[in-house]
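The listed protein sequences correspond, in order, to chains A and B. Each residue of the first sequence is one higher than the last, beginning at 1 in full-length UniProt numbering. Each residue of the second sequence is one higher than the last, beginning at 1 in full-length UniProt numbering. A short worksheet on the structure shown next.
There are 2 protein chains.
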Amino acid sequence: MSKPTPISGFPEWTPGQRMVEQFVLDRIRATFELYGFAPLETRAVEPLDQLLRKGETSKEVYVIRRLHADAEGAGGDDQLGLHFDLTVPFARYVLENAGKLAFPFRRYQIQKVWRGERPQEGRYREFVQADIDIVDRDTLAPHHEAEMPLVIGDALRSLPIPPVTIQVNNRKICEGFYRGIGLTDPEAALRAVDKLDKIGPAKVADLLAQTAGASEAQAKACLALAEISAPDASFADAVRALGVSDPLLDEGVDELVRVVETAAEHSPGLCVADLRIARGLDYYTGTVYETQLRGYERFGSICSGGRYDNLASAGAVSYPGVGISIGVTRLLGLLFGAGALSVSREVPTAVLVAVTNEERRTASNRVAEALRRSGVPTEVSPSAAKFGKQIRYAERRGIPYVWFPGVDGASDEVKDIRSGEQVTAVAQEWMPPVEDLKPTVG
Amino acid sequence: MSKPTPISGFPEWTPGQRMVEQFVLDRIRATFELYGFAPLETRAVEPLDQLLRKGETSKEVYVIRRLHADAEGAGGDDQLGLHFDLTVPFARYVLENAGKLAFPFRRYQIQKVWRGERPQEGRYREFVQADIDIVDRDTLAPHHEAEMPLVIGDALRSLPIPPVTIQVNNRKICEGFYRGIGLTDPEAALRAVDKLDKIGPAKVADLLAQTAGASEAQAKACLALAEISAPDASFADAVRALGVSDPLLDEGVDELVRVVETAAEHSPGLCVADLRIARGLDYYTGTVYETQLRGYERFGSICSGGRYDNLASAGAVSYPGVGISIGVTRLLGLLFGAGALSVSREVPTAVLVAVTNEERRTASNRVAEALRRSGVPTEVSPSAAKFGKQIRYAERRGIPYVWFPGVDGASDEVKDIRSGEQVTAVAQEWMPPVEDLKPTVG
Numbered sequence: 001m002s003k004p005t006p007i008s009g010f011p012e013w014t015p016g017q018r019m020v021e022q023f024v025l026d027r028i029r030a031t032f033e034l035y036g037f038a039p040l041e042t043r044a045v046e047p048l049d050q051l052l053r054k055g056e057t058s059k060e061v062y063v064i065r066r067l068h069a070d071a072e073g074a075g076g077d078d079q080l081g082l083h084f085d086l087t088v089p090f091a092r093y094v095l096e097n098a099g100k101l102a103f104p105f106r107r108y109q110i111q112k113v114w115r116g117e118r119p120q121e122g123r124y125r126e127f128v129q130a131d132i133d134i135v136d137r138d139t140l141a142p143h144h145e146a147e148m149p150l151v152i153g154d155a156l157r158s159l160p161i162p163p164v165t166i167q168v169n170n171r172k173i174c175e176g177f178y179r180g181i182g183l184t185d186p187e188a189a190l191r192a193v194d195k196l197d198k199i200g201p202a203k204v205a206d207l208l209a210q211t212a213g214a215s216e217a218q219a220k221a222c223l224a225l226a227e228i229s230a231p232d233a234s235f236a237d238a239v240r241a242l243g244v245s246d247p248l249l250d251e252g253v254d255e256l257v258r259v260v261e262t263a264a265e266h267s268p269g270l271c272v273a274d275l276r277i278a279r280g281l282d283y284y285t286g287t288v289y290e291t292q293l294r295g296y297e298r299f300g301s302i303c304s305g306g307r308y309d310n311l312a313s314a315g316a317v318s319y320p321g322v323g324i325s326i327g328v329t330r331l332l333g334l335l336f337g338a339g340a341l342s343v344s345r346e347v348p349t350a351v352l353v354a355v356t357n358e359e360r361r362t363a364s365n366r367v368a369e370a371l372r373r374s375g376v377p378t379e380v381s382p383s384a385a386k387f388g389k390q391i392r393y394a395e396r397r398g399i400p401y402v403w404f405p406g407v408d409g410a411s412d413e414v415k416d417i418r419s420g421e422q423v424t425a426v427a428q429e430w431m432p433p434v435e436d437l438k439p440t441v442g
Numbered sequence: 001m002s003k004p005t006p007i008s009g010f011p012e013w014t015p016g017q018r019m020v021e022q023f024v025l026d027r028i029r030a031t032f033e034l035y036g037f038a039p040l041e042t043r044a045v046e047p048l049d050q051l052l053r054k055g056e057t058s059k060e061v062y063v064i065r066r067l068h069a070d071a072e073g074a075g076g077d078d079q080l081g082l083h084f085d086l087t088v089p090f091a092r093y094v095l096e097n098a099g100k101l102a103f104p105f106r107r108y109q110i111q112k113v114w115r116g117e118r119p120q121e122g123r124y125r126e127f128v129q130a131d132i133d134i135v136d137r138d139t140l141a142p143h144h145e146a147e148m149p150l151v152i153g154d155a156l157r158s159l160p161i162p163p164v165t166i167q168v169n170n171r172k173i174c175e176g177f178y179r180g181i182g183l184t185d186p187e188a189a190l191r192a193v194d195k196l197d198k199i200g201p202a203k204v205a206d207l208l209a210q211t212a213g214a215s216e217a218q219a220k221a222c223l224a225l226a227e228i229s230a231p232d233a234s235f236a237d238a239v240r241a242l243g244v245s246d247p248l249l250d251e252g253v254d255e256l257v258r259v260v261e262t263a264a265e266h267s268p269g270l271c272v273a274d275l276r277i278a279r280g281l282d283y284y285t286g287t288v289y290e291t292q293l294r295g296y297e298r299f300g301s302i303c304s305g306g307r308y309d310n311l312a313s314a315g316a317v318s319y320p321g322v323g324i325s326i327g328v329t330r331l332l333g334l335l336f337g338a339g340a341l342s343v344s345r346e347v348p349t350a351v352l353v354a355v356t357n358e359e360r361r362t363a364s365n366r367v368a369e370a371l372r373r374s375g376v377p378t379e380v381s382p383s384a385a386k387f388g389k390q391i392r393y394a395e396r397r398g399i400p401y402v403w404f405p406g407v408d409g410a411s412d413e414v415k416d417i418r419s420g421e422q423v424t425a426v427a428q429e430w431m432p433p434v435e436d437l438k439p440t441v442g
C-alpha cells in the first residue's frame, strides 16, 4: 500500500495537539455547565430539505448515501445530508421534542460539522463547534441576549489564549435604519455591508447601489452607520446623530444598549457595540455577535451567533432562540499555526515502569497497578531491553519518571530523567509533584 | 413546518441521557489515560478504496458527495466515505504519520462511526466507539495482547454497570486446528463457526459441509473445538485431548495461555478462554476478544477486538497491532432500554437564583457569579415571576436549591426545595453538600 496523503480541509491533529483540544473542550464544557446549560448531541445527519431551507448555505452541504442503496431499490428515500452547523439541528430537535422539554431550554452542544466549502487558511470542511443556545416558547426574554457574551467571555478566559473582544450589533438597528433612509430591500443592504471587511467601503457602496438600489447619499448613510463603534452605550448617541427615525431602529438600539451595559457591568472590556457586524446567515433577527482574538484579527471571527425568532415553529407555536458558537477547530488551527499553544508531553504517561527481564514483567505490572490506583498515569516498558534503552523510550515521549522495581528484596527506585535524581520509593505511597501528574497546556 | 420525526438507526439521547454518556466517556477516557494511551481523532471520512479493502464491509459504507459537486466538474475526484470503524482509519493514520510517531504507539480514540446496516435492536447506523490500540513496527510483543483485557476490565469496572466477562480466543488456534484436520479453506470454516450463537451447531455443521467442504467428522471436530471454554489454562488440555497436531495450533494455544494467565493473575474472573469466538471481520490474525455484559448476554458483545498483523504496511515495513473497542452507544442503548442507568437531574444546575424584580436582575447575576466562582453550577431565574413559579422552574428540572437575594440590607437565603429547609447564606462562602454539586449517575 502506498503512503496515504492528507485530504484538504479535513484536519487531523497530532496526539499532542489532540490533548490540547481536549483540554480546551473540557474547559469550555465546564463553563457551559457552570451556567446551567444541559448537554445535547444530535445525529450527524438531517433530511436534505431541512438543510436547504436557507438558500445561501445549500452549496456547502454534503449529501450521504449508502453505497449499495441503489441495488436495494427504494430510491425515493428521504435524502440525508451532514449538518453544516448545530443551530439548524437544534431547532429541529426542539420541534421534535417540544412536548418533553422544559422551556426556556438551555443547552450546549459540542460536535463536528461539515461544509463542502473550498478549503483555505482557517476554513475547514470538517470542524468542531461549541454552541450554547436558549430557546423559549412564544417569547424569549431579552436578558438572554445579554447573557451569551458573559458565558463566552468566561469560557474563553479559562483558556491559555490571548484575550478576545466580542463585537455586538442588532439586526433591527440595520433593518430599521435602512428602512428609515428609504431602502426597500434591507436584506440586500445587509449582505453588502457584511462584506465591508473583505472589500472595503468603496466597493460596498458600489454593491449597495447595484444590489439594494441605494443612491449615493443612502450608501453613504449605510457606511456611516457601519462605522459606529463604542465600548458602551454612547454608540446610541452616534446613531441618533445620523438623524434617522424608525421604530424598529429604536427597538434595536434599546436592546443593544442593554447588552452592552450588562457586559460592561459584569465583564468590563469584553464587549464592543460594532455596527458593521451583520453575520452572513440570514436567520438572525436581533442581537448578533462576532468575536476577535486580539492579535489575530485578520483571521476573522472565532465565535459568532445571534438571536433568531423564526428558525423553529410548528403551527401557531414558535420557539425564538439566541445562541453563540465557538469555532474550536478554527481557533486551534490558527494558534497551532502560530506556535502559540502546545502541551508539555506527547503522552498522558507520568511514569514508565522498567522491566528487568521478561520473567519479571508481572512485578512491573504490579507496580503500575499500584501507581494507577493513586491516579498516576503509568506504562510498563514494552521491552526488557537494557535500562538505557528503556529510559530513551521515556525520553522520546516526554515521560518524566522511570521506575525500577527492586530485585531480590532491594527497594524500588524512581528516577526523574530530567534531573537524573534517583530515590527509593514505594509504589503504594509515591506521588509525583502535581505539575508532573498530567501534561500541562499553555 | 410539520413536526419532524426520528430517523431510524440514528439515536438521539435526551439531555439527561447525554449526561450519562458524558460520564461514561469521561470514565473510559480516564482509564485509557491511566494506562498511557495518547488521544487521537481522525477525520470522519476516508477514501472509498481504503474503506472497501475488506470486501465484507463494503455494503455498510456511506458515501458522501458535495451537493453542488457535479456542477463544478471534476467528477473524477477521489470518492470519500464515512468511516465504519476506528481501526481502518487508525491503520491509515499510522502509515501516513509513521515518520513522526514513536513506536510502539499507544493511542485511544473515541468517536462516532457510521454503518448503513439495517437498523434493529442494539444496532445503529450512527454510534460511538471507544478504542485502544497498540501498534509497533515490524514486530509486536505478545504481552500487549494480554494487556488489552486488563485495560478494558478497569474501564468497565469504573462504570455503574453490571460486571462483564471478556471471552478470548486466538485465530491461530482455529486456523491451525482446521488445517490440522485437513480442511483447506480455514477462512470459510471460521465464518461458519462464527455463526454458532445465531444458528446453532446443526446448521453450522451444514454450513461447514457446504462452504468449507467439511466431512461429517471434520464438522464434528470443529464444533468440539468451539465448545471448549475455561477460565484458565486448562482449555489447553481440552484442545490437546482432541488429538490434532499443527504448529500454528500450538503457537495459538501458547499465546492464549499467556493472555488467560495474565488476566487471572491481575484481574481474577475477568477473562474466559472461549474457543467459539471468531469475530466476523477478517483482518484479525491472533488473539480475538468479545465481551458479555452479565444479564444482557442476548444482546451480544459490547466490546470486541483482536490482533491484526496485516492491516498496515508500506513496502517492506509492516505495523502489526492489537486493539479493542467498546461499543458505547450499544452499551448505553441497552441499559437505557432496560431502565438500568440514569442521572439524578436533567440539568447541571445546582442552584437557581431567584429574581425579585427585573430591576434587581443585576443583584441576582452577582450572586450567580460568586457561586460559579466556587464551582457551583448556577442559573439565574429567567423571569421575575412570583417566587412560587420560580421554585417550580427549579422543581421541573430537578435543581435542588433556590437562592433568594436579600432586599434592602436583609441577608440572602437559600432553600433546599426537596426538604423545604431555608437558611441564611453568603454567596461567596456557601457550598452545597458534595452529592448535590453535580448530577450523579447510577
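Don't be surprised by glycine CBs; every beta carbon is placed ideally from N, CA and C. Note that this is a predicted model, so its numbers are computed, not measured.
**Study point:** Any beta strand (DSSP E) of 3 or more consecutive residues that is wholly inside the region 103-179 of chain A
**Key:** 105-114, 126-135, 164-170
**Study point:** Separation of G16 of chain B from F90 of chain A, as counted between CA atoms
**Key:** 16 Å
Practice item. Go ahead and pull the three-state DSSP assignment for G323 of chain A. Key: strand
Check your understanding: Does the beta carbon of N365 of chain B sit closer than 8 Å to a beta carbon anywhere in chain A?
Key -> yes
Review point. What residues of chain A sit near G116 of chain B, judged by a beta carbon separation below 8 Å?
Key: R66, L67, H68, A69
Practice item. Verify the CB distance criterion: does D113 of chain A have a CB-CB separation below 8 Å to chain B? Key: The sequence as given places Val at residue 113 of chain A; Asp does not occur at that position. Output row for V113 of chain A: interface = no.
Practice item. Could you check the C-alpha separation between Q129 of chain B and V317 of chain B for me, to the nearest Å? Key: 29 Å
Check your understanding: In terms of DSSP beta bridges, what is V414 of chain B paired with?
Key -> B:W403, B:V423
Check your understanding: Taking any Cβ of chain B, which residues in the region 308-329 of chain A have a Cβ under 7 Å from it, in chain order?
Key -> S313, A314
Practice item. Compare the C-beta of S383 of chain A with all C-beta atoms of chain B and state if any pair is closer than 8 Å. Key: yes
Review point. Do you know how far the Cα of E265 of chain B is from the Cα of L46 of chain B?
Key: The question names Leu, yet the displayed sequence has Glu at residue 46 of chain B. Cα to Cα, the separation comes out at about 41 Å.
Review point. For P377 of chain A, which residues in chain B fall below 7 Å Cβ to Cβ?
Key: E33, L34, G36
Check your understanding: Does the Cβ-Cβ distance between F127 of chain A and T329 of chain A come in under 8 Å?
Key -> yes
Exercise for review: Kindly indicate if chain B contains any beta-carbon less than 8 Å away from that of V441 of chain A.
Suggested key: no
Point to revise | Classification of D274 of chain A by the beta-carbon crowding that lies within 10 angstroms, buried from 16 upward | key: buried
**Study point:** Beta-bridge partners of L292 of chain B, as assigned by DSSP
**Key:** Correcting the residue identity first, residue 292 of chain B is Gln in this sequence and not Leu. The partner list for Q292 of chain B (beta bridge, DSSP) reads B:T165.
Practice item. Pick helix, strand or coil for E379 of chain A, following the three-state DSSP scheme. Key: strand
Practice item. Since I believe P104 of chain B is in contact with I132 of chain B (beta carbons under 8 Å), could you give me their beta-carbon distance rounded to a whole number of angstroms? Key: Rounded, the Cβ-Cβ distance is 12 Å, inconsistent with contact.
Review point. If we cut at 8 Å on Cβ distances, does E429 of chain A have a partner in chain B?
Key: no
Point to revise | Contact set between A102 of chain A and chain B, taken where Cβ atoms lie within less than 7 Å | key: R396, R397
Practice item. Below 8 Å on the Cβ atoms is my guess for D412 of chain B versus T424 of chain B; work out the distance and round it to an integer in Å. Key: 7 Å
Exercise for review: For the beta strand (DSSP E) holding R298 of chain B, just list the boundary residues, first then last.
Suggested key: Where R298 of chain B is concerned, there is no enclosing beta strand (DSSP E), given that its DSSP letter is neither H nor E.
Review point. Under 9 Å Cβ-Cβ, which residues of chain B neighbour I7 of chain A?
Key: R43, V45, E46, P47, D78, L80
Point to revise | Neighbouring residues, chain A, relative to T349 of chain B (Cβ below 8 Å) | key: G36
Point to revise | Three-state secondary structure assigned by DSSP to Y35 of chain B | key: coil
**Study point:** Endpoints, beta strand (DSSP E) assigned at S304 of chain B
**Key:** 303-308
Exercise for review: Reducing DSSP to helix, strand and coil, say where A69 of chain B ends up.
Suggested key: coil
Exercise for review: Just confirm the distance between the C-beta atoms of T285 of chain A and D246 of chain A, as a whole number of angstroms; I'd bet it's less than 8 Å.
Suggested key: Not really, about 16 Å apart at Cβ, beyond 8 Å.
Practice item. Run the CB neighbour count on M431 of chain A, radius 10 Å, all protein chains shown included, and call it buried at 16 or more, exposed below. Key: exposed
Review point. Going along chain A, which residues have a C-beta under 7 Å from T362 of chain B?
Key: E265
**Study point:** Given 8 Å, three or more beta-carbon pairs between the region 365-384 of chain A and the region 342-353 of chain A
**Key:** yes
Point to revise | Three-state secondary structure assigned by DSSP to D237 of chain B | key: helix
Point to revise | D85 of chain B beta carbon near the ligand ADP (any heavy atom closer than 7 Å) | key: Questions concerning the ligand ADP fall outside what the structure shown contains, since it holds no ligand whatsoever.
Review point. So what does V343 of chain B bridge to, in DSSP terms?
Key: B:V441
Exercise for review: Report yes if the CB atom of A370 of chain B is closer than 8 Å to the CB atom of A410 of chain B, and no otherwise.
Suggested key: no
Review point. Taking the continuous beta strand (DSSP E) assigned at G81 of chain A, which residues delimit it?
Key: 80-82
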